[in-house]
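For the sequence shown, the positions run 148 to 487 when our numbering is used.
Note that the Cβ used here is the ideal one computed from N, Cα and C, for glycine as well.
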Amino acid sequence: MDIRASSDDGTQWVSSDKTHHGAGKHSFRPILPPPPTMPRAAHSTPSPHAPDNNAHENLPDTTTADDPEKHPLPNHTSFWSRRSLLGPITKDHGDLPLLACCLVSGMVDAASFKNWGMFVGMQTGNTVILGLSTAGLPANPYAWLTTLVSVVCFLIGAFTTFRISKVITPEGPTRNRLWATSLFLIQALLILLSAALATPSNLIPQEPGNTSRLTLPDPRVIRNPRIVSLIPPLAFQSGIQIATSRLLGFNELPVNVITSTYCDIMGDFKLLATNNVRRDRRVGAVVLLLAGSIISGWMLRSRGGLMSVLWASGAIKLVTAGLYFFLAPAVKEELPKVME
148 MDIRASSDDG
158 TQWVSSDKTH
168 HGAGKHSFRP
178 ILPPPPTMPR
188 AAHSTPSPHA
198 PDNNAHENLP
208 DTTTADDPEK
218 HPLPNHTSFW
228 SRRSLLGPIT
238 KDHGDLPLLA
248 CCLVSGMVDA
258 ASFKNWGMFV
268 GMQTGNTVIL
278 GLSTAGLPAN
288 PYAWLTTLVS
298 VVCFLIGAFT
308 TFRISKVITP
318 EGPTRNRLWA
328 TSLFLIQALL
338 ILLSAALATP
348 SNLIPQEPGN
358 TSRLTLPDPR
368 VIRNPRIVSL
378 IPPLAFQSGI
388 QIATSRLLGF
398 NELPVNVITS
408 TYCDIMGDFK
418 LLATNNVRRD
428 RRVGAVVLLL
438 AGSIISGWML
448 RSRGGLMSVL
458 WASGAIKLVT
468 AGLYFFLAPA
478 VKEELPKVME
């Protein structure tokens, strides 16, 4: 048993019970205070085996670095960046530029039929006229040439569009904003090229403007082989146009012909439904193509004649391409989820 005692100077003593020859005696020894701890020098080098208690102070704070709420990932991309220009766009409202193409088809085909007795977009009519030309009907010596050139250029335009689009955007034009817009821009430029060729007087044979309902067609126009000059660019862009409608996924908008559209309207079992987007597109295509032909007819009677129709048609497609380029919404990419 230990016994503690203190002296007058405050020193603490402790003794252990020891037995000498059967007698209990106590031997006291002083309790010494612990030696003072020397402060660690700031420039001292710690032992390589000693743990560093302050190591956590030198590590970067990663508690909130990956927290999307405190450090959100940037989701704003400049419109003129490569990612935006070559990035995907949604198909929302992609039918609007195609409806504008229906209006242009009515204008251009009405003008070509009025001046040259053939079409640049409606290849069904050209095929019939080509067949009639084998019997010398109608009274157009170059009907076989104009219709054949139109059909061939139309096919080349559609074929080229499908193949190039497959290489650039295998998943469809909407995967690349610039390419989707270029399809409409190329059409506009080809029509504007035709308008430029039709503007100089006596360069391309055409019916004169500023006529009345009683004015008869000039027979010298269709007897001039130079009428074929404007057909290749106009028919080529028509092929691009219908291929574009297929590539964008709007099969109910053939944009060039409306025979199948009439059939699809009558075959729609939801024809009278309140909400029927496909029906609305088909009816809109018919109305706009008819409106385009009406507009073209009155413009052909004006002083501008054929060139006014072509300049207006090219301008409509040029504006369509610009609006589609700037207003088509980009696909919103989902941010990656943070693993917990």
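Measuring only the C-alpha atoms, how far is residue i from residue j?
| i | j | result |
| --- | --- | --- |
| Tyr104 | Arg393 | No statement about residue 104 is possible, as the shown extent of the chain runs from 148 to 487 and does not include it. |
| Arg426 | Leu418 | 7 Å |
| Thr321 | Gly234 | 8 Å |
| Ser348 | Met454 | 10 Å |
| Leu363 | Ser329 | 41 Å |
| Trp445 | Ser359 | 10 Å |
| Thr281 | Pro352 | 24 Å |
| Thr293 | Ile311 | 27 Å |
| Pro380 | Ser341 | 7 Å |
| Gly319 | Ser225 | 23 Å |
| Ser376 | Asn422 | 46 Å |
| Asn357 | Gly452 | 7 Å |
| Phe472 | Ala327 | 8 Å |
| Ile276 | Thr391 | 26 Å |
| Thr307 | Ala286 | 34 Å |
| Leu279 | Ser259 | 18 Å |
| Ile412 | Leu474 | 30 Å |
| Ala477 | Phe331 | 18 Å |
| Arg448 | Met265 | 19 Å |
| Leu284 | Thr274 | 13 Å |
| Asp256 | Ala343 | 18 Å |
| Arg230 | Ser297 | 39 Å |
Within 10 Å of its beta-carbon, does residue i have 16 or more other beta-carbons around it, so buried, or fewer, so exposed?
| i | result |
| --- | --- |
| Lys479 | exposed |
| Ile441 | exposed |
| Arg324 | buried |
| Leu457 | buried |
| Trp227 | exposed |
| Phe416 | exposed |
| Glu399 | buried |
| Ala420 | exposed |
| Gly304 | buried |
| Thr271 | exposed |
| Ser252 | buried |
| Val314 | exposed |
| Gly439 | buried |
Just to confirm before moving on: does the CB-CB distance between residue i and residue j stay below 9 Å?
| i | j | result |
| --- | --- | --- |
| Leu245 | Leu395 | yes |
| Cys300 | Phe383 | yes |
| Val424 | Ile405 | no |
| Lys238 | Gln334 | no |
| Met254 | Ser443 | yes |
| Asp365 | Pro372 | no |
| Asp242 | Arg428 | yes |
| Leu302 | Gly461 | no |
| Val368 | Trp291 | no |
| Pro401 | Ile387 | no |
| Ala247 | Leu437 | no |
| Ile378 | Val267 | yes |
For residue i, name the three-state secondary structure that DSSP assigns.
| i | result |
| --- | --- |
| Ala438 | helix |
| Ala477 | strand |
| Phe397 | coil |
| Leu419 | coil |
| Ser455 | helix |
| Val402 | coil |
| Gln388 | helix |
| Pro366 | helix |
| Gly414 | coil |
| Ser312 | helix |
| Ser449 | coil |
Secondary structure, alpha helix (DSSP H): runs of 4+ residues fully inside the segment 222 to 288: With a minimum length of 4 residues, the continuous alpha helix (DSSP H) runs that stay inside the segment 222 to 288 are 229 to 232, 242 to 263 and 270 to 280.
Within the segment 315 to 362, note down every full alpha helix (DSSP H) run reaching 4 residues or more, in order along the chain. 324 to 345
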